[in-house]
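Take a look at the structure below.
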Amino acid sequence: MIKIGITGGIGSGKTMVCSIFEQLGIPVFYADTVAKEIMITDPILREGIIAAFGVESYELSGKLNNKHIAQIVFNNKVELEKLNALVHPAVFSAFESWQQTIPAEVPYNLKEAALLFESGSYKMCDHSILVTAPKAVKIQRVMDRDGVTAEQVEARMDKQLSDEEKNKMADFLITNDESRSVILQVLELHHQFINLTK
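Counting from 1271, one number per residue, gives the positions in the sequence shown under our numbering.
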């Protein structure tokens, strides 16, 4: 079965693109959602996070104390790398386990990850897709969605590789700028991927 990585900067619309693939019967592994889950449910990962960032990393209810973690890692590259070194291998392992649950007749699957290239997880995939949109469009989408300022969106964007850098590593491109139908672009790629499996 072919494994396709899919990524895009904040506000690019990669989740919407993934939902179109899902409508076509293609399973999608949402790496960022899984990461949030296993930071709570994986006892080894929990121990590692507590050892690295203190017992305040978790609330009494067992939930992750996002505010505490964010304060430590947000503007500290070394601490962020420490967190990623704990979380990324656990997510890679979860992806491998998830693959085993997919029926053999499914031609390909998608791994959606905001940090597909930054984390190196694109190396676990056979091909990769980048979803892009103009910067101004992405900023406006995130402002509308999250109720944040343009400056706050740009601060989050600065933590990721630029579309130009990602484009050098991606095999396929979906442009989500409202000038071309995203559905038609997805259908085109869907047929290409099915042909690759024949």
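Here a beta-carbon is modelled for each residue, glycine too, at the ideal position from N, C-alpha and C. Model, not experiment: these values are computed from the prediction.
Where Gly1230 sits in the DSSP three-state scheme: Outside the shown range of the chain (1271 to 1468) lies residue 1230, about which nothing can therefore be said.
Beta-carbon spacing of Ser1398, Gly1275 below 7 Å: yes
Rounded Cβ spacing between His1358 and Ser1327 (contact assumed at less than 8 Å): The Cβ separation is near 17 Å, so there is no contact.
Backbone CA spacing between Glu1292 and Asp1302 [nearest angstrom]: 17 Å
Those residues which DSSP pairs with Glu1382 across a bridge: Ile1276, Tyr1300
Alpha-carbon spacing of Glu1382 relative to Phe1299, whole angstroms: 6 Å
Residue closest to Thr1285, alpha-carbon to alpha-carbon, out of Val1452, Gln1410, Phe1463, Met1309: Val1452
Classification of Ser1391 by the beta-carbon crowding that lies within 10 angstroms, buried from 16 upward: The C-beta of Ser1391 has 16 or more other C-beta atoms within 10 Å across all chains shown, which makes the residue buried.
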